[in-house]
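Since the structure comes first, as structure tokens, the remarks are kept for the end.
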Amino acid sequence: MNSQEHIIMLPFLAHGHLIPFLALAKQLQQRTGYTITIASTKLNIQYLRSSISADSDSKILFAELPFCSSAHDLPPNTESTENLSLDRMIKLLYASQSLEDPLFRLLNDIIDQEGRPPLCIISDLFFGWAVDVAKSVGTVTVSFNTGGAYGVLAYVSFCLNLPHRSTDSDEFLVPGFPESVRFHHSQLHPYLRAADGTDMGSKFMQSQFSRCLESSGWLCNSVEEIEPLGLDLLMKYIRLPVWAIGPLLPPAALKSSSSSQNTIGASQMMQLAIGLEGSGKSFIWVVRPPLGFDLNGEFRAEWLPEGFEERMKQSRRGLIVRNWAPQLDILSHKSTGAFLSHCGWNSVLESLSQGVPIVGWPMAAEQAFNSKMLMEEMGVSVELTRGIQRVIEAKEVKRVLESAMDEHGKGEDMRKKATEVKELMKLAVREEGQEKGSSLKAVDEFVRTVLYKRRAAMMADRCSKISAKSD
């Protein structure tokens with residue numbers, strides 16, 4: 002393929018979005034030889050650079066976009082959602098729109114240097130404004146959904162339509178899903194439950210998602226064979242091409258952080274510990290300060306039952322790790338029988354890529370919708386509870402863990418299905434001779450589509466100029 006083509010990638014300011022963008026950039030560069038430039042703020046570029054090993058032959062380029070968080074009433078050097086409260090996260094969403102002018106200048110610099118616009122801009126769903134920027138310089142935008150098809154369709158449709166406002170029932174329908182699929186108020190984070198179209202959060206989402214519906218198509222970090230329903234529904238709802246190009250997995254040792262919205266409360270942490278001990282199951286537990294405390298502060302023994310950590314250490318049944326652990330390495334170990342997860346999509350893919358079933362504890366964003374799909378469509382998960390406000394009891398923790406880890410019944414069935422999903426994910430990215438997996442075919446089809454759009458646009462421009470001369 003023509004190595005002179007240039008693709009610009011614009012991820013949202015969150016580690017959970019940066020990681021799949023980087024993985025996609027590597028795949029596109031390897032498969033096409035094109036110039037790939039990831040544009041983001043200074044600190045996010047540093048994070049991305051640090052994740053590429055020194056001995057890597059990566060040819061990905063990075064472009065820093067000027068951004069001043071303090072100009073948007075955010076703490077200095079706030080360039081990602083890491084450890085942000087909800088109100089500051091919403092401020093960051095709006096602040097991210099200030100990247101529009103720097104992106105426009107970057108694109109014009111590229112046009113001056115290369116004599117034509119980039120082939121396309123691959124932009125995050127939270128950056129719908131990139132559609133207008135792309136049009137202004139004569140190129141196209143493809144929106145990249147870093148999540149799964151089912152969960153993101155539910156989230157996007159919910160934000161655009163706010164169906165929970167139209168009923169007094171605890172259950173409601175979401176446009177784009179069949180009537181047999183019902184959603185529940187308990188699956189909504191408090192900010193979604195309160196959304197009415199006038200609040201800052203839903204106003205931002207509606208503005209950006211509606212613009213993404215005007216892009217040339219959506220890339221989706223999923224696999225055709227594991228999400229057939231979600232991908233079919235998503236394509237019908239947005240009426241655009243959807244390319245399932247996953248799983249895009251991070252390097253095993255890449256350190257990622259999440260927001261405070263994925264942090265449990267002190268009482269929940271205490272009950273989880275009691276339930277873990279009561280279950281008799283071996284575990285690795287990555288802990289950090291509970292909600293309401295400094296997430297970067299020191300972890301206090303008082304947040305766990307008295308003597309808990311020492312008893313686990315002596316019995317060699319539990320390992321308590323502060324703040325971070327190499328998640329993918331742990332999931333790939335043969336002794337890992339289940340993964341207690343908030344059901345963020347990156348974590349879901351990591352777990353399923355290793356054939357490990359999930360115990361769901363969705364917290365925010367589309368995580369509860371992911372959890373619903375994992376239970377009802379895939380059969381690889383059981384849900385422990387939802388959200389940060391729910392009261393949870395140790396006996397329920399014990400019951401759910403015993404069910405998930407059971408060598409027979411529910412646990413056995415989940416492990417079998419998770420193993421099947423693992424194999425489907427492997428096949429999707431396998432290439433042997435002329436045979437390609439579905440995700441590799443989707444990447445190639447995406448490239449062909451944007452190349453066709455480029456040629457069609459050039460032809461239309463040529464015809465327009467000829468017509469103008471004849472007049």
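Taking my numbering, the leading residue of the sequence shown gets 2, the next gets one more, and so forth. Idealized CB from N, CA, C, for every residue including glycine.
Between ALA326 and the rest of its own chain, which residues show a CB-CB distance below 8 Å, the 5 nearest in sequence each way excluded?
Taking the sequence shown and counting its residues from 1, one reaches residue 326 at position 325. These residues qualify, in order along the chain: ILE285, VAL287.
If you follow the beta strand (DSSP E) that PHE63 is in, where does it begin and where does it stop?
Taking the first residue of the sequence shown as position 1, residue 63 is located at position 62. From DSSP, the beta strand (DSSP E) with PHE63 extends over 62-65.
Kindly indicate which three-state DSSP category PHE128 falls into: helix, strand or coil?
By 1-based counting over the sequence shown, the position of residue 128 is 127. In the structure shown, PHE128 sits in coil (DSSP, three-state: anything other than H, G, I, E or B).
Below 8 Å, can you find three or more Cβ-Cβ pairs linking the region 61-78 to the region 36-49?
yes
Which listed residue (LEU332, LEU329, PHE309, ASP330) has its alpha carbon closest to that of ILE321:
To locate residue 321, count along the sequence shown from 1; it is residue 320. Nearest option by C-alpha distance: PHE309.
For MET460, the three-state DSSP class (helix, strand or coil)
The residue given as residue 460 occupies position 459 in the sequence shown. Helix, per DSSP.
Going by the beta-carbon positions, is the gap between GLU421 and GLY152 smaller than 8 Å?
Working through the sequence shown from its first residue, we reach residue 421 at position 420. Working through the sequence shown from its first residue, we reach residue 152 at position 151. Not a contact, by the Cβ cut-off of 8 Å.
Best match in TRP130, LEU23, CYS69, THR33 for proximity to GLU446 [C-alpha to C-alpha]:
On the sequence shown, residue 446 is found 445 positions in, with the first residue counted as 1. Of TRP130, LEU23, CYS69, THR33, the residue nearest in Cα terms is THR33.
Determine, using beta carbons only, whether MET270 comes closer than 8 Å to chain D.
Absence of chain D from the displayed structure is noted, only one protein chain being present.
Taking all protein chains shown into account, do 16 or more other C-beta atoms lie within 10 angstroms of the C-beta of ARG180, making it buried, or fewer, making it exposed?
Position 179 of the sequence shown, counting from 1, holds the residue named residue 180. The identity of residue 180 in the sequence shown is Glu, whereas the question assumes Arg. Exposed, because fewer than 16 other Cβ atoms sit within 10 Å of the Cβ of GLU180.
Touch test, the region 429-449 against the region 298-305, Cβ-Cβ under 8 Å, three pairs minimum
no
DSSP-derived helix/strand/coil call for GLY361
In the sequence shown, residue 361 corresponds to position 360, counting from 1. Here GLY361 sits in strand by DSSP.
Starting from the C-beta of LEU161, find all residues in its chain whose C-beta is less than 7 Å away, skip the five residues before and the five after it, and write them out in chain order.
Start at 1 with the first residue of the sequence shown, and residue 161 comes out as number 160. GLN207, PHE210, SER211.
Within a Cβ cutoff of 8 Å, which residues of the same chain sit near VAL1, ignoring the five residues on either side of it in sequence?
There is simply no residue 1 to check, as the chain begins at 2 and stops at 472 in what is shown.
In three-state DSSP terms, what is TRP10?
In the sequence shown, counting from the first residue as 1, residue 10 sits at position 9. Reading the sequence as shown, one finds Met at residue 10 and not Trp. DSSP places MET10 in strand when its eight states are reduced to three.
What ranges does the beta strand (DSSP E) occupy inside the region 10-45, keeping only unbroken runs of at least 3 residues that lie completely in it?
36-41
With 16 other CB atoms within 10 Å as the buried threshold, where does SER260 fall?
Looking up residue 260 in the sequence shown gives position 259. At SER260 the pLDDT is 49, less than 50, meaning the model places this residue with poor confidence and gives no usable figure here.
Helix, strand or coil at GLU83 according to DSSP, with G and I counted as helix
Taking the first residue of the sequence shown as position 1, residue 83 is located at position 82. Three-state DSSP puts GLU83 in coil, outside helix and strand.
Tell me whether GLN114 is buried or exposed, calling it buried when 16 or more other Cβ atoms sit within 10 Å of its Cβ.
The residue you call residue 114 lines up with position 113 of the sequence shown. When all chains shown are included, GLN114 counts as exposed.
With a Cβ-Cβ cutoff of 8 Å, do GLU499 and LEU14 count as a contact?
Because the chain is modelled from 2 through 472, residue 499 falls outside the range shown and cannot be assessed.
Between ILE111 and the rest of its own chain, which residues show a CB-CB distance below 7 Å, the 5 nearest in sequence each way excluded?
Numbered from its first residue, the sequence shown carries residue 111 at position 110. Here the set comprises HIS7, PRO119.
Pull up the distance between the alpha-carbon of ASN297 and that of HIS186, whole angstroms please.
Counting from 1 along the sequence shown, the entry for residue 297 is found at position 296. Counting from 1 along the sequence shown, the entry for residue 186 is found at position 185. Straight-line Cα distance between these residues: approximately 32 Å.
DSSP state of ASN3, grouped into three classes?
As a first step, residue 3 must be located in the sequence shown, where it is residue number 2. A caution first: ASN3 carries a pLDDT of 49, below 50, which makes its placement in the model unreliable, though a value can still be read off. Coil.
Going by other Cβ atoms of all chains shown within 10 Å of its Cβ, with 16 needed for buried, is TYR35 buried or exposed?
In the sequence shown, residue 35 corresponds to position 34, counting from 1. Looking at its Cβ environment, which holds 16 or more other Cβ atoms inside 10 Å, TYR35 is buried.
Near LEU29, what residues of its chain come up, given a Cβ to Cβ distance below 8 Å and the 5 sequence neighbours on each side ignored?
By one-based count along the sequence shown, residue 29 stands at place 28. For LEU29, where only same-chain residues beyond five positions count, the Cβ hits under 8 Å are ILE8, TYR35, ILE37, VAL444, VAL448.
Who are the near neighbours of MET313 in its chain, counting only those whose CB is closer than 6 Å to its CB and skipping five residues on each side?
As a position in the sequence shown, residue 313 is number 312, starting the count at 1. GLY319.
Which complete beta strand (DSSP E) runs does the region 144-232 hold, if anything under 3 residues is left out?
219-221
My parser needs the alpha helix (DSSP H) runs of 4 or more residues fully inside the region 273-346; what are they?
309-316, 328-332
Can you tell me where the beta strand (DSSP E) with GLU384 in it begins and where it stops?
For the purposes of this step, residue 384 is taken as the residue at position 383 of the sequence shown. Residues 382-384.
Assigned secondary structure, VAL138 (DSSP; H/G/I helix, E/B strand, else coil):
For the purposes of this step, residue 138 is taken as the residue at position 137 of the sequence shown. In the structure shown, VAL138 sits in coil (DSSP, three-state: anything other than H, G, I, E or B).
Output needed for GLU394: all residues of its chain with C-beta closer than 7 Å, excluding positions within five of it in sequence on either side, in chain order.
Stepping through the sequence shown from its first residue, residue 394 is reached at position 393. GLN272.
Could you check whether LEU93 and LEU85 sit closer than 8 Å to each other, using their CB atoms as the reference points?
For this step, residue 85 is matched to residue 84 along the sequence shown. For this step, residue 93 is matched to residue 92 along the sequence shown. Closer than 8 Å, so yes.
7 Å CB neighbourhood of MET201 in its chain, flanking five on each side removed:
As a working mapping, residue 201 is identified with position 200 in the sequence shown. Taken in chain order, the residues that qualify are ILE91.
Between the Cα of PRO176 and those of LEU193, HIS190, TYR156, spot the shortest distance and give me the residue it belongs to.
The residue given as residue 176 occupies position 175 in the sequence shown. It is TYR156.
Opposite CYS121 in the DSSP bridges: which residues?
If you number the sequence shown from 1, residue 121 lands on position 120. Paired residues: ILE8, VAL141.
Figure out for me which residue from ALA195, LYS396, PHE370, LEU75 has the closest Cα to the Cα of VAL182.
Counting from 1 along the sequence shown, the entry for residue 182 is found at position 181. That would be PHE370, whose Cα lies nearest to the Cα of VAL182.
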